[in-house]
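Numbering (our numbering), first residue to last: 6 to 318.
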């Protein structure tokens with residue numbers, strides 16, 4: 006099993022349980038990191054990606070409810086599966102754990118076969134349901150389509166922001182894919198920061214591949230979120246260029262015909278689509294409007310957001 010399929014964070018307070026569960030998981034081929042307090046767990050989760058978290062429901066240094074709430078409120082982490090370690094004698098704890106955001110639970114004393122079956126089921130479920138982008142770990146196309154279809158069927162007001170980078174291919178050609186990946190990850194963090202700062206608890210962020218991202222929020226927040234993304238992107242992006250290109254304000258490349266071309270510093274375009282003034286009944290309509298707005302945005306030049314303000318006939 007590859008590390009991308011089976012990275013597990015084990016958060017338990019009792020050394021004997023930690024040793025027992027860790028041995029079972031490693032023997033099965035999973036990659037396991039352990040800690041024995043939720044404060045340590047939060048620091049680890051900020052720095053390293055995982056697929057599954059297994060945590061005590063309650064112990065002297067671990068509160069499973071707090072861990073669930075922390076993970077489910079974080080755009081980078083909310084896709085994680087969570088299994089809570091429970092005592093059989095407290096059936097209400099299972100209900101509390103599930104309501105807090107846990108996907109499953111295991112009971113003490115452990116039966117290795119059942120424990121591994123629940124771990125495997127959680128990892129299969131996250132792969133099937135999330136289709137997470139391997140670079141940013143954000144939800145991919147399948148999750149995005151489900152989210153948009155749910156919003157459309159609910160008949161509530163929503164706004165969709167379709168974001169991509171201008172001249173990203175040329176940047177990759179000049180600086181290489183490794184630095185290009187860092188730009189993608191930085192862009193994801195900028196979007197997350199602005200959604201958390203300005204958005205709502207029900208907002209959604211998906212990475213549909215390459216330099217394309219889509220966020221879903223409420224219409225009254227969409228423009229402020231977009232302004233924040235544009236400002237933060239323009240402030241941070243020059244640091245990815247060398248001193249010469251940064252001072253010049255563009256990179257010099259050759260076209261396929263050998264001609265010299267000046268490519269401006271990376272910028273971001275955001276197309277905002279809402280159902281405030283027009284009825285949207287299918288995901289395809291969102292794609293069509295987004296394509297029109299993105300084409301217009303790229304004619305303006307620089308980092309910009311444009312919002313569809315047209316009304317249905």
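The beta-carbon is built from N, C-alpha and C at its ideal position, and this holds for glycine as well.
Keep in mind it's a predicted model, so treat the numbers as computed, not measured.
Please report the straight-line C-alpha distance between residue 128 and residue 238, rounded to a whole angstrom. 34 Å
Backbone secondary structure at residue 35 - three-state DSSP: Residue 35 falls in the coil class under three-state DSSP.
Taking all protein chains shown into account, do 16 or more other C-beta atoms lie within 10 angstroms of the C-beta of residue 144, making it buried, or fewer, making it exposed? Buried is the call here.
Under a three-way DSSP split, which group does residue 7 fall into? Because the pLDDT of residue 7 is 40, which lies under 50, any placement of that residue in the model is unreliable, and the number read from its coordinates should be weighed accordingly. Here residue 7 sits in coil by DSSP.
Starting from residue 168, trace the beta strand (DSSP E) both ways and give me its first and last residue. For residue 168, the enclosing beta strand (DSSP E) stretches over residues 164–171.
So, using beta-carbon positions, are residue 278 and residue 165 closer together than 9 Å? yes
Relative to the C-alpha of residue 53, which residue among 14, 67, 89, 61 is closest? For the options 14, 67, 89, 61, the alpha carbon positioned closest to that of residue 53 is the one of 14.
C-alpha gap between residue 244 and residue 254, whole angstroms: Their backbone Cα atoms lie some 12 Å apart in a straight line.
Does the distance from the C-beta atom of residue 288 to that of residue 298 stay below 9 Å? no
Return helix, strand or coil for residue 267, following the three-state DSSP convention. strand
Span of the beta strand (DSSP E) around residue 255: 255–259
What's the C-alpha gap between residue 184 and residue 246? 10 Å
Could you check if residue 300 is buried or exposed, using at least 16 other CB atoms within 10 Å of its CB as the buried criterion? The residue in question, residue 300, is exposed, as its Cβ has fewer than 16 Cβ neighbours within 10 Å.
Buried or exposed (CB count within 10 angstroms, at least 16 for buried), residue 6: Residue confidence is low: residue 6 scores 42 on pLDDT, short of 50, so the model does not pin down where it sits. No coordinate-derived value is stated.
Quick check on DSSP: helix, strand or coil for residue 205? coil
Give every residue of the same chain whose Cβ lies closer than 6 Å to the Cβ of residue 294, excluding the five residues on either side of it in the sequence, and list them in chain order. 278, 313
Pick from 37, 41, 280: whose alpha carbon is nearest that of residue 225? For the residues 37, 41, 280, the minimum Cα distance to residue 225 belongs to 280.
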